[in-house]
């Protein structure tokens with residue numbers, strides 16, 4: 001998906017605009033303050049989120065955008081940098097604005113002014129629900145694939161697991177007889193794992209393959225108390241394999 005630059009007007013065209021508007025556009029404030037002012041209050045959303053940056057290799061930390069290469073998100077008229085951890089949850093951030101959620105990189109234009117270019121737009125069918133999210137970030141060439149997944153602990157009861165499907169195929173999950181949940185691409189769904197009869201359960205996850213299903217994960221999990229659990233499932237960069245990770249959310 002090709003996305004336009006935040007600042008796409010040439011210096012020659014900027015000189016033809018009224019001085020105040022030209023300065024606002026050139027400085028990058030026009031995108032933030034201008035669009036922010038036009039968003040009706042009822043369309044604004046507010047939530048906290050943690051990032052999960054997938055590098056493709058446990059040892060690959062050099063690909064995490066930091067410093068001059070940091071990723072930014074828009075908060076009102078400001079652009080704030082993200083704190084990322086390789087293959088793990090980052091620090092807690094807050095967001096108040098309108099969807100879709102976008103990521104930006106900071107650049108300097110030919111006039112020496114700071115501008116922000118969008119490099120990714122979040123997908124996720126649950127993006128409008130809950131007060132906490134997980135922002136999954138996966139490098140894709142010079143851009144990024146991101147998904148904003150619902151991960152609100154208040155919506156997950158004792159003895160339930162919230163499964164976040166970041167992949168492009170539907171998933172099916174079960175924790176034993178009588179429990180089966182299908183999770184569409186970009187969806188988060190809750191599954192019951194504690195039936196009050198045992199202190200362990202068998203977790204099985206399958207991905208859609210043609211007319212059938214392909215098992216991608218099996219495990220036997222023991223627990224002392226049936227606390228809420230959070231699980232993220234995402235494919236490798238080549239799409240051939242899947243990762244299944246339990247997360248510890250900061251809410």
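In this note's numbering, the protein residues as written are 1 to 251. For every residue, glycine included, the Cβ atom is placed at its ideal position computed from N, Cα and C.
Between residue 224 and residue 64, the alpha-carbon positions lie close to 36 Å from each other.
Beta bridge pairing from DSSP links residue 216 with no other residue. Sequence-distant partners of residue 227 (beyond 5 residues in either direction) whose C-beta falls short of 7 Å from its own C-beta, in its chain, are 158. Of the candidates 207, 205, 200, 200 places its Cα closest to the Cα of residue 222.
Here the C-alpha atom of residue 149 lies approximately 18 Å from the C-alpha atom of residue 44. The continuous stretches of beta strand (DSSP E) do not include residue 225, and DSSP gives it neither H nor E. Its chain contains 231 as the residues whose beta carbon lies nearer than 6 Å to that of residue 246, once the 5 sequence neighbours on both sides are disregarded; these appear in chain order. The segment 232–246 and the segment 161–180 touch, with three or more beta-carbon pairs separated by less than 8 Å. By the C-beta density criterion, residue 194 is buried, having at least 16 other C-beta atoms within 10 angstroms. In this structure, residue 207 sits near residue 167, with a CB-CB distance shorter than 8 Å.
It is roughly 13 Å from the alpha-carbon of residue 180 to the alpha-carbon of residue 213. Residue 246: member of the beta strand (DSSP E) spanning 242–246, first to last residue.
The beta-bridge partner set that DSSP reports for residue 49 consists of 93, 133. For residue 233, the enclosing beta strand (DSSP E) stretches over residues 229–235.
Using a Cβ distance threshold of 8 Å, residue 132 and residue 151 count as a contacting pair.
For the pair residue 209 and residue 174, the CB atoms are not nearer than the 8 Å cut-off. Assignment of residue 66 by DSSP, reduced to helix, strand and coil, places it in the coil class. The bridge partners DSSP lists for residue 208 are 213.
Inclusion of residue 54 and residue 137 in the CB contact set at 8 Å is warranted, their separation being smaller than that value. No Cβ-Cβ contact shorter than 8 Å links residue 143 with residue 104. Shown here, residue 195 sits in coil according to DSSP, grouped into three states, outside any helix or strand.
Per DSSP, reduced to three states, the secondary structure at residue 173 is strand.
In this structure, DSSP gives residue 153 a helical state, which the three-state scheme calls helix. The residues 81, in chain order, have a CB closer than 6 Å to that of residue 70 in the same chain once the five nearest residues on each side in sequence are set aside. Burial check for residue 41: the Cβ neighbour count within 10 Å stays below 16, so the residue is exposed.
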